[in-house]
Amino acid sequence: MEKHSMRHLLWTALFLLYCSFGCLAAVVQQLPQKGESALQAYTVSDTPTEKWEPIRIAVYTKYVEDVVKECIKQRSEGDSNTTVEFCSGDNQMTAAKMNTLFKDLLPEAIKLHRDRLNVKPLKSNLKIQEEEVRWFTSNCWGFIIPSEHSTEGIPDADFMLYVNLGTERKSSAVCSIDENKRPTSARISFVPKEIVATRHYIRLAAHDIAVGLGFTTEYMSKYLTKESAPIFMNGVPNYLMMVQSNTVKDKAKKHYNCQNIKGMILDYKGNTYSGYWERRIARDELMSPYTGEPTGMYYTNLTLAAFHAMPYYQANFSMAEPMSWGNQSTCDFITKKCTEIIQDSKSSNVFCEESDKPVLQCTSDRFGLGVCSKVDTKKDGIPTEYKFFEIVGEQSDMMKGCPIIKPFQETMCENGNETLMPGSIVDKMSRCLSVKDPQIKDVNGNDVTVQGICAKVKCEDGKVHVQYKGQKSKETWHVCENDGDTIDLQGSVFSGGTIVCPKYAEVCTGLPETEPFNISYTEVVNPKEREEDSKEETKEESNSSSNSEASGVSVNAESGTSTNTQGESVPAAPGVNGSSQESSTATQSVMQRASRSRRHIADATASQSTSNPNSTEDAIQSPSTVLNGTNLTESQIKEETLKHTNVTVMFGTDSSITVSYMAPLALLVCVVGFVMVP
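Under mature numbering (1 follows the signal peptide of the UniProt record, and there is no 0), the letters of the sequence shown match residues -25 to -1, 1 to 653, in that order.
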């Protein structure tokens, strides 16, 4: 009896052990791929189509690579009559511009969508079917895709972005869809002379990618409704086209604090509607019509709600960016004339009152300085004192004739001309802040009147920290304890006046830092460009050393803060985006050298959080398609990773291999137990 009981106890224990092995087998510890943290790589196995995951966007880079290679070849042969369109002139495509496009600009634009849109990932490779290819050819400017994208498919991808070049800006286009009508590929075009890694062009690329992902009237048609009764918009009754999904209505009601709103109004001109938000009520939104004029282009709940309404997307609303334009402005903001709204202090930061003596003041998104105007920003339509500025923008009718603060390219806080912006700091960390009674003198010693300045801003502990021009110490930051508090202006630039503290949400997103997105491509080295840069660096090093001695600027200290220029990756809008670009020539030269070093040096041990996360391996691998930062399959990654002991120690052995031996091991224990226990 005792032996019989022992046998039952043993079988029970073995059965529980076997079950536990089965449970462990459901948990698979994958080795992290490039761009993933160890936490992200540890997942619970599930049926892929049952679980929402961040969209995996692949990038086809070969067309741009081929253009750059051909241009370098023709230049090296001394051929003055280049046959390739982008080898000469204003839109000359260089290796340096390609690096900017694939290292700095496009990764940040893609990351904006990856962090906010989830899909049910494909079980197998993404394939562009033959019937889709015909549609693709006719709708995507004849961009020919590789045959293997239709046969073998694209691994580890839910969406393919085909990158093209053009001499003028073209709208992006959906190229293919799957059986659920979800867009699976799109074409995006870049103008070489506009390939600059500024916030403006990063957001513009994100705007175009959103169109490729389906932000069009075609894919929102289920929720499009033209009102049967006229609705007052800007004081004029009109039959408006609206997106009326429940989520869109809910987010619109909350943003505008208007319970009567029936949906989000689409942009219109007469009886013609576009697939973008009406600019009059959503000027600073990512999916407002692009006019050439820099705006905030915030990825708000409004655009997220439109994607969320589509059955194949799940929006991550926790990553929505705040937008001050129209926020909590009530229904009056939509229905009343802007001339009436101007008198309402609640919307004073949206529309403005024109004056005979216009002054520079902050734009609504706080990214630049401009003047109040309701006419087209053309040379003959602005005050004489501002006619030397480069004009941007092409609209007035889009704002329905409402006067707004219209910026100039030379007065943007991120990359403007400081000599034209009295009292301002031009820097990626800078935002425009309103000032009261500032006493400033220009370079000629004349008194200057402004209502705003660009100052460096950082966001810490839920508070805005400000650093303005002319302070004795560059380490001094003034804390805004509350909205509307004032900071006294003192120092070499100002002899009086105060800064008015902005609302936290107007200059800070409050969003968490996310993993960077990397694009692997064939990096082409142009010997001539490298030689010219080397000469320029040597010249600047000589100048900066003498200038730093004269100005007392520490070159080493400045370069230390300049190397991390990761855009869109910090909780605060400005964040760690580089050091101050004040009048010091030494500081400017250090930042320029840092920029070139990031362009030419591939550091194999570089941190994922740096501005150049691509390692030396990326340049050697030469893939034409990037798949979330790597062109290796999961099995290849594991095989390669296990060769390196330092990685194996950190993450342990491959648990999927270990699990495969658990079942036979349990069976062996059962057999031994049966033999040993009579």
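Note that beta-carbon positions come from the ideal geometry of N, C-alpha and C, so glycine has one too.
Residue pairing for M239: DSSP places it in a beta bridge opposite V218. Looking at the DSSP output, L408 bridges to I428. Taking C-beta atoms as the reference points, I32 and R89 count as a pair closer than 9 Å. With contacts defined by Cβ atoms closer than 9 Å, N100 and I129 form a contacting pair.
Ranked by Cα distance from N139, the options S122, L97, A161, V500 are led by A161. M73: member of the alpha helix (DSSP H) spanning 70 to 74, first to last residue. Pairing T338 with L344, the inter-Cα distance amounts to about 6 Å. The beta-carbon separation of H440 and V418, rounded to 28 Å, does not stay under the 8 Å limit for a contact.
Under the three-state reduction of DSSP output, P167 falls in the helix class. Going by DSSP, G187 is part of no beta strand (DSSP E) but of the alpha helix (DSSP H) stretching over 174 to 188. The beta carbon of C150 is closer than 6 Å to those of F111, C115, S160, A161, R162 in its chain, skipping five residues each way along the sequence.
Shown here for T142: same chain residues with a beta carbon closer than 6 Å to its own, the five before and five after excluded, namely N66 in chain order. Note on W300: 16 or more other CB atoms within 10 angstroms of its CB, so buried under the neighbour-count rule. For P491, the three-state secondary structure derived from DSSP is coil. The Cβ atoms of Y231 and C327 lie no closer than 9 Å to each other. Assignment of N93 by DSSP, reduced to helix, strand and coil, places it in the strand class. Between the region 288 to 297 and the region 209 to 220 there are fewer than three C-beta pairs closer than 8 Å, too few to call the two in contact.
Across the structure, S122 and K102 are spaced so that their CA atoms are roughly 10 Å apart.
Spanning the alpha carbons of S399 and E253 requires a straight line of approximately 32 Å.
Looking at the backbone, the Cα of Y273 and that of T497 are separated by about 32 Å. Taking a contact as a CB-CB distance under 8 Å, the pair V499 and M68 does not count as one, their CB atoms being some 11 Å apart.
Around the beta carbon of V211, fewer than 16 other beta carbons lie within 10 angstroms, which makes this residue exposed.
Secondary-structure assignment with DSSP links N213 through a beta bridge to I206. D422 and I428 have their alpha carbons spaced roughly 15 Å apart. Taking C-alpha positions only, V482 is separated from K438 by approximately 10 Å.
DSSP, read as helix, strand or coil, puts K416 in strand. The beta carbon of E25 sits closer than 8 Å to the beta carbons of K95 from its chain, once the five residues preceding and following it are set aside; these are given in chain order. Taking the Cα positions, L179 is about 8 Å away from Y265.
In the three-state reduction of the DSSP assignment, M374 falls in the helix class. Checking the DSSP bridge columns, you'll see W252 partnered with L241. Residue burial annotation: R144 is exposed, with fewer than 16 other C-beta atoms found within 10 angstroms of its C-beta. The beta carbon of S330 sits closer than 8 Å to the beta carbons of C347 from its chain, once the five residues preceding and following it are set aside; these are given in chain order. Assignment of alpha helix (DSSP H) within the region 245 to 321, counting only whole runs of 4 or more residues, yields 254 to 257, 276 to 284, 307 to 310, 313 to 316 in chain order. Inter-residue distance for Y176 and E169 is about 8 Å (C-alpha atoms, whole angstroms). A residue is called buried once 16 or more other Cβ atoms fall within 10 Å of its Cβ, and K375 is buried on that count. Just measuring C-alpha positions, the residue of A71, M208, T386 sitting nearest M239 is M208.
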